[in-house]
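Enquirer: Quick one: this structure, given as structure tokens, is what I'll be asking you about.
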Amino acid sequence: MMMKNIPLKLLFFIAVLTLVACKKEDNLVVQNDAFSAKVTQNVTLPLTVTSKDQIEFDLLITTDSTSTLKTAVLHLDENELHTASASADNKIAVQYTYALDKDEVGKSLIFRLVVADEEGRSVSKDFTIYVQLAPADIRITIPEDAPAEILDNETADFNIAVTSENDIKYIKTFADGNEITSLTKETFTDPKEDSYRFTYQPTAADADKTIPFLIEVMDVMGNTVRKDFALNIKRSQTADFTAYFDVNLGAQRSTAHGPFFNAANGEVYATTGSASKSGDIDLIVFYSGSSRAYNITSPTLASVSEFIYTAAAYGDDAMINWPTRNQTLIKKIPISREDFDLAAASDIASLYTGAAGAAEESSGGLADNNVIVFKTADNKYGLLYVKSRSANANTGHLTVDIKMQK
Numbered sequence: 000m001m002m003k004n005i006p007l008k009l010l011f012f013i014a015v016l017t018l019v020a021c022k023k024e025d026n027l028v029v030q031n032d033a034f035s036a037k038v039t040q041n042v043t044l045p046l047t048v049t050s051k052d053q054i055e056f057d058l059l060i061t062t063d064s065t066s067t068l069k070t071a072v073l074h075l076d077e078n079e080l081h082t083a084s085a086s087a088d089n090k091i092a093v094q095y096t097y098a099l100d101k102d103e104v105g106k107s108l109i110f111r112l113v114v115a116d117e118e119g120r121s122v123s124k125d126f127t128i129y130v131q132l133a134p135a136d137i138r139i140t141i142p143e144d145a146p147a148e149i150l151d152n153e154t155a156d157f158n159i160a161v162t163s164e165n166d167i168k169y170i171k172t173f174a175d176g177n178e179i180t181s182l183t184k185e186t187f188t189d190p191k192e193d194s195y196r197f198t199y200q201p202t203a204a205d206a207d208k209t210i211p212f213l214i215e216v217m218d219v220m221g222n223t224v225r226k227d228f229a230l231n232i233k234r235s236q237t238a239d240f241t242a243y244f245d246v247n248l249g250a251q252r253s254t255a256h257g258p259f260f261n262a263a264n265g266e267v268y269a270t271t272g273s274a275s276k277s278g279d280i281d282l283i284v285f286y287s288g289s290s291r292a293y294n295i296t297s298p299t300l301a302s303v304s305e306f307i308y309t310a311a312a313y314g315d316d317a318m319i320n321w322p323t324r325n326q327t328l329i330k331k332i333p334i335s336r337e338d339f340d341l342a343a344a345s346d347i348a349s350l351y352t353g354a355a356g357a358a359e360e361s362s363g364g365l366a367d368n369n370v371i372v373f374k375t376a377d378n379k380y381g382l383l384y385v386k387s388r389s390a391n392a393n394t395g396h397l398t399v400d401i402k403m404q405k
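The sequence shown maps to residues 0 to 405 in numbering that gives the first Met the number 0.
What follows is the structure, encoded as structure tokens:
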């Protein structure tokens, strides 16, 4: 009943406004049928900024009508910020930078662009940008002369410059993810600036490793900044063993890593071509579907050639076709990562001979942090530490560290 009282022209005007409001374009709102303009953002305006940012307006205004453009004025809260005039080719370029400040945090700034033609007609478009709080400025500067490498009998000792916009709450150091509590600092002469002393004395277990460090700084507002660096620790004395770190040994269906390990040189071999290299293979990896675990075995273990690396699956490279199958004897032993790191060649031999139980041709199921000690056909002793497993599947792989007697 009420719609009967609304004039037809007004209904048409409402429909036009609805269409304009629903179109998500850069066209300016048309004030009348005789004048329209289009805004192109050469640099896309952000929807949100921080109080430390600047807003770059880089706009090009054109018109498809016969109107002659005159000016474009950028406003904020009814205040004129910038005026640009039309060029000879009837275009207006608006280039303006707006610097934000802390007083605008939490506000939505509505910038209005008003474009006028030579006949005094105008159209306008709004750009709404929300201002959020910028994270506090915390800077961690590691000196250029900080060492990247030291011997295991040396000490890394240098100062790290820390500056903060807010008061510093603490500075912490982490080595390989573990906090070095002796280096944690929570009291500062100048709460906004500190010369933080970093020192590190390697342990024997660090030799031949690259240690990742992380410096973490938190201010009193809870803002946290981290910076990482690494130290390569070289062995000061000649080792009587050879170490192979982060060796990936694939299961039988792995396409990324081979399952066969040469203990003499640390090489890993794929199944393809393995028959010609069989005399150099000391350890074999496979995944057992029944026990749902990875196993490391001797090449002489009968079940591996009968059921895993078979002629049906691998053709000429099946283990039954290998001209040589070295025997490696294995014992699983309960030692820690630290014990593994500290073990010298003589310790490896002692771990093998002193381990309870008879040596086997298989490790049995392996989990993360398990250790096996083994003796190759060349009477060389080795120690293997399981670091991780990619997945419990015959397409996955083990990542291990290995030490071998020279």
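For each residue, glycine too, the CB sits at the ideal point set by N, CA and C.
Check whether the region 356-375 touches the region 323-338, taking contact to mean three or more Cβ pairs, one atom from each stretch, closer than 8 angstroms.
Expert: With a cut-off of 8 angstroms, the region 323-338 and the region 356-375 count as touching, because enough Cβ pairs lie within range.
Enquirer: Any chance the region 233-245 sits against the region 393-401, with 3 or more Cβ pairs inside 8 angstroms?
Expert: yes
Enquirer: Assuming T39 and L58 make a contact with CB atoms under 8 angstroms, what is their CB distance in whole Å?
Expert: In the sequence shown, the residue the question calls residue 39 occupies position 40. In the sequence shown, the residue the question calls residue 58 occupies position 59. That pair is a contact at about 7 angstroms.
Enquirer: So, S273 versus H396, is the Cβ gap smaller than 7 angstroms?
Expert: By 1-based counting over the sequence shown, the position of residue 273 is 274. By 1-based counting over the sequence shown, the position of residue 396 is 397. It is not a contact, given that the beta carbons lie outside the stated cut-off.
Enquirer: Please work out which residues of its chain come closer than 8 angstroms, Cβ to Cβ, to K23, disregarding the five sequence neighbours upstream and downstream, and give them in chain order.
Expert: Residue numbering aside, residue 23 sits at position 24 when the sequence shown is read from its first letter. Below a pLDDT of 50, predicted positions are generally treated as unreliable, and K23, at 38, falls in that range; the measurement from the model is reported next regardless. Counting only Cβ-Cβ distances below 8 angstroms, and skipping sequence neighbours, we find nothing.
Enquirer: Distance, Cα to Cα, V406 vs I60?
Expert: There is no way to answer for residue 406, as the model of the chain reaches only from 0 to 405.
Enquirer: Using a Cβ-Cβ cut-off of 6 angstroms (strictly less than) and excluding sequence neighbours within five positions of P146, which residues of its own chain qualify?
Expert: Counting from one through the sequence shown, the residue named residue 146 turns up at place 147. Around P146: A155.
Enquirer: Whole angstroms are fine: how far does the CA of R120 sit from the CA of S64?
Expert: Here residue 64 refers to the residue found at position 65 when the sequence shown is read from its first residue. Here residue 120 refers to the residue found at position 121 when the sequence shown is read from its first residue. Approximately 13 angstroms, taken between the alpha carbons.
Enquirer: Could you give the distance in angstroms between the alpha-carbon of D193 and the alpha-carbon of V114?
Expert: As a position in the sequence shown, residue 193 is number 194, starting the count at 1. As a position in the sequence shown, residue 114 is number 115, starting the count at 1. Distance between the alpha carbons of D193 and V114 is about 53 angstroms.
Enquirer: Going straight from the alpha carbon of T180 to that of D227, what length do you get?
Expert: On the sequence shown, residue 180 is found 181 positions in, with the first residue counted as 1. On the sequence shown, residue 227 is found 228 positions in, with the first residue counted as 1. Distance between the alpha carbons of T180 and D227: 17 angstroms.
Enquirer: Between the beta-carbon of V104 and the beta-carbon of S50, is there less than 7 angstroms?
Expert: Working through the sequence shown from its first residue, we reach residue 104 at position 105. Working through the sequence shown from its first residue, we reach residue 50 at position 51. Yes, Cβ-Cβ distance for V104 and S50 is below 7 angstroms.
Enquirer: Inspect the CB distances between the region 80-91 and the region 121-135 and report whether three or more fall short of 8 angstroms.
Expert: no
Enquirer: Have a look at A392 and N264 and give me their C-alpha separation to the nearest angstrom.
Expert: Looking up residue 392 in the sequence shown gives position 393. Looking up residue 264 in the sequence shown gives position 265. In a straight line, the C-alpha of A392 is about 27 angstroms away from that of N264.
Enquirer: Suppose the cutoff is 6 angstroms on Cβ atoms and the five residues either side in sequence are ignored; what does the same chain contact list for V42 look like?
Expert: Translated into the one-based positions of the sequence shown, residue 42 becomes position 43. Counting only Cβ-Cβ distances below 6 angstroms, and skipping sequence neighbours, we find E55, D57.
Enquirer: With which residues is K226 paired in a DSSP beta bridge?
Expert: Along the sequence shown, read from residue 1 onward, the residue named residue 226 stands at position 227. The partner list for K226 (beta bridge, DSSP) reads I214.
Enquirer: Decide if S302 is buried, meaning its Cβ has at least 16 other Cβ atoms within 10 Å, or exposed.
Expert: For the purposes of this step, residue 302 is taken as residue 303 along the sequence shown, with counting starting at 1. Result: exposed.
Enquirer: Judging by CA-CA distance, which residue of H256, P134, P201 is the nearest neighbour of I149?
Expert: Working through the sequence shown from its first residue, we reach residue 149 at position 150. Nearest of H256, P134, P201 to I149, Cα basis: P201.
Enquirer: Which of helix, strand or coil does DSSP assign to N320?
Expert: Sequence index remark: in the sequence shown, residue 320 carries index 321 (1-based). Note: N320 maps to helix in three-state DSSP.
Enquirer: Let's test the definition: count the other Cβ atoms within 10 Å of the Cβ of F373 and tell me whether it reaches 16, buried, or not, exposed.
Expert: Indexing the sequence shown from 1 puts residue 373 at position 374. Its Cβ being crowded by 16 or more others within 10 Å, F373 is buried.
Enquirer: Where does D400 sit, in a helix, a strand or coil, going by DSSP?
Expert: Along the sequence shown, read from residue 1 onward, the residue named residue 400 stands at position 401. If DSSP states are grouped into helix, strand and coil, D400 belongs with the strands.
Enquirer: I think V224 touches A250, with their Cβ atoms under 8 angstroms apart; what is that distance to the nearest whole Å?
Expert: Here residue 224 refers to the residue found at position 225 when the sequence shown is read from its first residue. Here residue 250 refers to the residue found at position 251 when the sequence shown is read from its first residue. With a contact defined as Cβ atoms closer than 8 angstroms, V224 and A250 miss out at about 42 angstroms.
Enquirer: Using a 10 Å radius around the Cβ and a threshold of 16 neighbouring Cβ atoms, would you call F212 buried or exposed?
Expert: Numbered from 1 along the sequence shown, position 213 holds the residue referred to as residue 212. F212 comes out buried.
Enquirer: Using only alpha-carbon positions, find the residue among E79, L46, L248, S163 that is nearest to T296.
Expert: As a working mapping, residue 296 is identified with position 297 in the sequence shown. It is L248 whose Cα lies nearest to the Cα of T296.
Enquirer: If you draw a straight line from the C-alpha of S35 to the C-alpha of V72, how long is it?
Expert: Residue numbering aside, residue 35 sits at position 36 when the sequence shown is read from its first letter. Residue numbering aside, residue 72 sits at position 73 when the sequence shown is read from its first letter. Roughly 16 angstroms separates the two Cα atoms.
Enquirer: Using the beta-carbon count (16 or more within 10 Å), is S66 buried or exposed?
Expert: Looking up residue 66 in the sequence shown gives position 67. Result: buried.
Enquirer: Look up D88 in the DSSP assignment and say whether it is helix, strand or coil.
Expert: Translated into positions along the sequence shown, residue 88 becomes position 89. Of the three classes helix, strand and coil, the one that applies to D88 here is coil, per DSSP.
Enquirer: Is the distance from the Cβ of Q408 to the Cβ of A344 below 7 angstroms?
Expert: One cannot answer for residue 408 here, as it falls past the ends of the chain, which runs 0 to 405.
Enquirer: Can you list, in chain order, the residues of its chain with a C-beta nearer than 7 angstroms to that of S407? Leave out the 5 residues immediately preceding and following it.
Expert: A query on residue 407 cannot be resolved here, the shown segment of the chain reaching from 0 to 405 and no further.
Enquirer: Once DSSP output is grouped into helix, strand and coil, what is the label at F259?
Expert: The residue given as residue 259 occupies position 260 in the sequence shown. Correct three-state label for F259: strand.
Enquirer: Quick check: the Cα distance between L46 and A98, rounded to an integer number of angstroms?
Expert: Along the sequence shown, one-based indexing puts residue 46 at 47. Along the sequence shown, one-based indexing puts residue 98 at 99. Their Cα atoms are separated by approximately 15 angstroms.
Enquirer: Can you list, in chain order, the residues of its chain whose CB lies under 8 angstroms from that of N294, leaving out five sequence neighbours each side?
Expert: In the sequence shown, the residue the question calls residue 294 occupies position 295. Same-chain partners within the cutoff: V284, F285, Y286, S287, S361, S362, G363, G364, L365.
Enquirer: Runs of 4 residues minimum, wholly inside the region 307-355: which ones carry the alpha helix (DSSP H) assignment?
Expert: Counting whole runs of 4 or more residues, the region 307-355 contains the alpha helix (DSSP H) stretches 310-313, 336-341, 344-353.
Enquirer: Can you give the beta carbon distance from F173 to E215, rounded, assuming they're within the 8 angstroms contact cut?
Expert: Sequence index remark: in the sequence shown, residue 173 carries index 174 (1-based). Sequence index remark: in the sequence shown, residue 215 carries index 216 (1-based). At roughly 7 angstroms, the Cβ-Cβ gap stays under 8 angstroms, so F173 and E215 are in contact.
Enquirer: Taking the beta strand (DSSP E) that R252 falls in, what are its first and last residues?
Expert: Numbered from 1 along the sequence shown, position 253 holds the residue referred to as residue 252. Counting along the chain, R252 falls outside any beta strand (DSSP E), and DSSP gives it neither H nor E.
Enquirer: Per DSSP, what are the beta-bridge partners of N177 in this structure?
Expert: On the sequence shown, residue 177 is found 178 positions in, with the first residue counted as 1. In DSSP, N177 forms a bridge with A174.
Enquirer: Alpha carbon to alpha carbon, how far is E337 from R234?
Expert: Taking the sequence shown and counting its residues from 1, the one referred to as residue 337 is at position 338. Taking the sequence shown and counting its residues from 1, the one referred to as residue 234 is at position 235. The straight-line gap from Cα to Cα measures roughly 16 angstroms.
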